[in-house]
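Structure, as structure tokens:
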Amino acid sequence: MKQLLGFDPLLFLGITNLKLAEKSIVSQKLLDRISQYLTIRITELLPEDDLKNIDDPQQLFSLAKEKLPNLDSKIKTFLEDFKKEFNNNLTQI
Amino acid sequence: MIERAEADKTKLRLEFPPIPKPRKITEGDIGIAVKDVIRKAQEQRDGVSASALVQSADAVVTDRLKETLPEKARHALRLSAQKAVLAASGLYLLLSSGCGNIEMPFSGSSHKAEPIPPSVPLKQQENAARQLMAGNVRVEVDREGLPVEYILSDGKRVSFDREEVKKLREKAILSQEPEIITMLPVEGANSKSSESQYKPSPEHPKVTELPEDVLSEEELGKRGVKIIQADNTSLFIRDGAFVEGSPLADFNNTGRKLTIVLLNNNSAVVDDPKYRESIEAIIPYKVLTLENYRAYQIFTREKILGWEREDIKEGKKRALLNNEIFPNHDDDLLGLKIYLYRYQNMTEGELFLDQLDLGWNAGGVYLKGVNLNPTILISVGKTYIPDLFLYFDSSGKIKAASFSSLPKVSGYFDPPTTTSINHNPKAEETHPDPKDFPINPKVTPNQASSYPYGSYGTTRQKPGFILRHEISHDKGGMKIREEYDTDMKAMEGIKSAWEKWANSGFTDNSGFYFVFSLQEGGYMLTKNNSSFGSSSPDKL
């Protein structure tokens, strides 16, 4: 059984300048957006018929684990993509 | 994509350190690598606002959606539209079970990630963790620092929409500005009490019966006067008011019509059928409809708020007034936002009264349309502006503020000097003595809109004197008497009535033409106390 580790979107994206009061909300929002992004990317890879029967993100990830080979590395790629796009957006500011 | 407006704030060139090849991170790694990442990232990202970070993440998601096939995008949206906690739990599930060997910066003993709030059952959340007292209102606040409900002194409970207050707190933190949660429907500490102990005397006797020469509604109607009475008091007019040289001589069956409307300042006034006719007659005289008036007020307040933000950004005003470069500007923004909040949430009735300034600065309003038949509105109730507000400060902490107690920091916000005025007729105001009306020596006839006897301004103005004042505006035809002369003429009437009263050994009260019924029973024959109004914009 794996230990439940808290994924820290702030640390993942290299954000460390936030005030204490901001951290919780920004962290929550970024985690939400990362989840949405992963949901989109995984959805893209799954057959339409399977998606019709999915009701929540947990089911989606379970299905992805079953249907998609090398999901670990795919997720890692998606996360890196997110980070890259995120940083690109910031540099365009 | 990020809005260009944000660009000026954050002129950064971000150069991120390469992410180390994934492997299990140890305490030692955190001590060295993470600290190094933190230090470099701090240098690089200093100045990026929290909202810019979230916008950047938003842009990643929306850009990706554009690239996804429409059918797939719809499924993705359906799934990700679920609450943040649920979506995040998917990520947890993914990281912790399905795809467990993804190694990235994790929370560790020296760098704890903010825990995702568990999905707490509603009932458990509603158990208040603490209470906040705002005046005599108790606000229940839950463990997450969100208000659950407030309880008024009479036991009435009002619940908050949890999602709404959550959004407000986020907005406060992301914008780093206070956000108003709600106004509490109670009077503030700055309400001026006008209660007094009335002891009848020969000069100011208790009046238990209407004078015999009071005219009936029908008799008044024949002469051309219509009164729309309030629910808390009624106005009666005596015959003497119509004789030559008296206030209503011009409405004594001359063909001219006068409508007097008593308003108890309740905000439902616009919907009240008994007021409807007179209000519909009045509204066209005003340039703006009620909703246009609201929109104009909101536009103006937002403009001012923008100026305030500019000042804060530049730090100039703060430095001048507070001798500090970056003091807390919450109070200033809070005051301006309270004004904005009020206009956003006013009922139509409140807008109507606010537009006329009635019940507050003006105890009465004289309006004359093209048919030259005037309508006079007299405030006879209690007016108060909501003084207590709940808000999130710029760090997201729930607080209560008294509107009138906020410090005046900039030139854009003036806290109200009082928050309650009572125009309700009172027994002790009967048989007015001119000595109770000292003239304001600072006011001169040459000043525009000057009120020597204070019939304008945020002080108590008694309905009797106000009525005389408003009637005195009328000069027949298109002419209107100016404020100074109107106040003086109203006082002439009071002096004349008192002389008759005093010279008769306090037996002849026939000069006090206007009689108001009292809520506690009995009547009063009009009086005003001394209070000086400010020179303010003219009323019709």
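Which chain is which? The protein sequence lines are A and B, in order.
For the first sequence, the residue numbers in the working numbering are 17 to 109.
For the second sequence, the residue numbers in the working numbering are 758 to 1297.
Quick reminder that beta carbons are idealized off the backbone N, C-alpha and C, glycines included.
Cβ-based burial, residue i [other Cβ within 10 Å; buried from 16]
| i | result |
| --- | --- |
| glutamate 1001 of chain B | exposed |
| arginine 1099 of chain B | buried |
| glycine 978 of chain B | exposed |
| threonine 1057 of chain B | exposed |
| arginine 49 of chain A | buried |
| glutamine 1298 of chain B | Any property of residue 1298 of chain B remains undetermined from this structure, which presents chain B solely from 758 to 1297. |
| threonine 1201 of chain B | exposed |
| lysine 83 of chain A | exposed |
| alanine 1006 of chain B | exposed |
| arginine 900 of chain B | exposed |
| glycine 1116 of chain B | buried |
| glutamine 954 of chain B | exposed |
| methionine 1103 of chain B | buried |
| methionine 1248 of chain B | buried |
| proline 975 of chain B | It should be noted that the sequence gives glutamate, not proline, for residue 975 of chain B. Classification of glutamate 975 of chain B: exposed, given that the 10 Å Cβ count is below 16. |
| lysine 924 of chain B | exposed |
| serine 1151 of chain B | buried |
| arginine 914 of chain B | exposed |
| proline 957 of chain B | exposed |
| arginine 1051 of chain B | buried |
| proline 85 of chain A | exposed |
| lysine 829 of chain B | buried |
| arginine 1033 of chain B | exposed |
| glycine 1106 of chain B | buried |
Other residues of its chain near residue i: CB distance less than 6 angstroms, five sequence neighbours each side excluded
| i | result |
| --- | --- |
| lysine 1014 of chain B | Gly981, Asn1130 |
| glycine 1153 of chain B | Arg926, Ala929, Ile930 |
| asparagine 893 of chain B | Ser910 |
| valine 1272 of chain B | Phe993, Tyr1280, Leu1282 |
| lysine 1094 of chain B | Ile937 |
| valine 971 of chain B | Phe993, Arg995 |
| serine 1274 of chain B | Thr990, Ser991, Tyr1280 |
| arginine 14 of chain A | The shown model of chain A, from 17 to 109, leaves out residue 14 of chain A, and the question about it has no answer. |
7 angstroms Cβ shell around residue i - same chain, five flanking residues per side excluded
| i | result |
| --- | --- |
| asparagine 1021 of chain B | Ala987, Asp988, Asn989, Val1137, Gly1138 |
| phenylalanine 102 of chain A | Leu29 |
| threonine 1187 of chain B | His961, Val964, Met1281, Leu1282, Lys1284 |
| phenylalanine 1263 of chain B | Pro959, Glu960 |
| isoleucine 1223 of chain B | Gly1120, Gly1121, Ile1135, Ser1212 |
| arginine 895 of chain B | Gln888, Tyr907, Ile908 |
| lysine 1252 of chain B | Pro1191 |
| glycine 847 of chain B | Any reading at glycine 847 of chain B must be qualified, since the residue scores a pLDDT of 44, below 50, and its modelled position is unreliable; no value is offered. |
| threonine 825 of chain B | Ala833 |
| leucine 61 of chain A | Leu84 |
C-beta neighbour in chain B for residue i, strict 8 angstroms
| i | result |
| --- | --- |
| alanine 73 of chain A | Checking the sequence shown, residue 73 of chain A turns out to be proline, not alanine. Chain B contact via Cβ: present. |
| isoleucine 70 of chain A | yes |
| lysine 45 of chain A | yes |
| threonine 59 of chain A | yes |
| leucine 84 of chain A | no |
| leucine 34 of chain A | yes |
| leucine 106 of chain A | yes |
| leucine 79 of chain A | no |
| threonine 5 of chain A | The first residue shown for chain A is 17 and the last is 109, placing residue 5 of chain A beyond what the model contains. |
Neighbour flag for residue i against chain A, beta carbons, 8 angstroms
| i | result |
| --- | --- |
| alanine 886 of chain B | no |
| valine 811 of chain B | yes |
| leucine 903 of chain B | no |
| lysine 741 of chain B | Any answer about residue 741 of chain B is impossible in this case: the structure gives chain B only from 758 up to 1297. |
| valine 1200 of chain B | no |
| leucine 836 of chain B | yes |
| alanine 1158 of chain B | no |
| glycine 1278 of chain B | no |
| valine 805 of chain B | yes |
| glutamate 927 of chain B | yes |
| histidine 832 of chain B | yes |
Same chain only: Cβ atoms within 8 angstroms of residue i, ignoring 5 sequence neighbours per side
| i | result |
| --- | --- |
| threonine 59 of chain A | Leu67, Leu76 |
| valine 42 of chain A | Leu26, Ile31, Leu34 |
Residue i beta carbon near the ligand PLP (any heavy atom closer than 7 angstroms)
| i | result |
| --- | --- |
| phenylalanine 1269 of chain B | Judged by which ligands are present, the structure shown has none, so any question about the ligand PLP falls away. |
Exercise for the section: Would you mind listing the alpha helix (DSSP H) stretches within the segment 909 to 938 of chain B that are 4+ residues and don't spill past its ends, in chain order? Expected result: 919 to 932
Exercise for the section: Within the segment 1131 to 1164 of chain B, note down every full beta strand (DSSP E) run reaching 3 residues or more, in order along the chain. Expected result: 1131 to 1136, 1139 to 1141, 1145 to 1149, 1155 to 1159
Handout entry: Whole runs of the beta strand (DSSP E) within the segment 990 to 1060 of chain B, excluding any shorter than 3 residues
Key = 992 to 994, 1015 to 1020
Practice task
Check each residue of the segment 930 to 943 of chain B: if its Cβ is closer than 9 angstroms to any Cβ of chain A, include it; give the result in chain order.
Solution key: Ile930, Leu931, Gln933
Handout entry: Residues, ordered as in the chain, of the segment 1171 to 1195 of chain B that lie near chain A by beta-carbon distance below 9 angstroms
Key = none
Exercise for the section: Within the segment 1199 to 1264 of chain B, note down every full alpha helix (DSSP H) run reaching 4 residues or more, in order along the chain. Expected result: 1220 to 1229, 1240 to 1260
Problem - Under 7 angstroms (Cβ pairs) to chain A, residues found in the segment 1087 to 1114 of chain B - result: none
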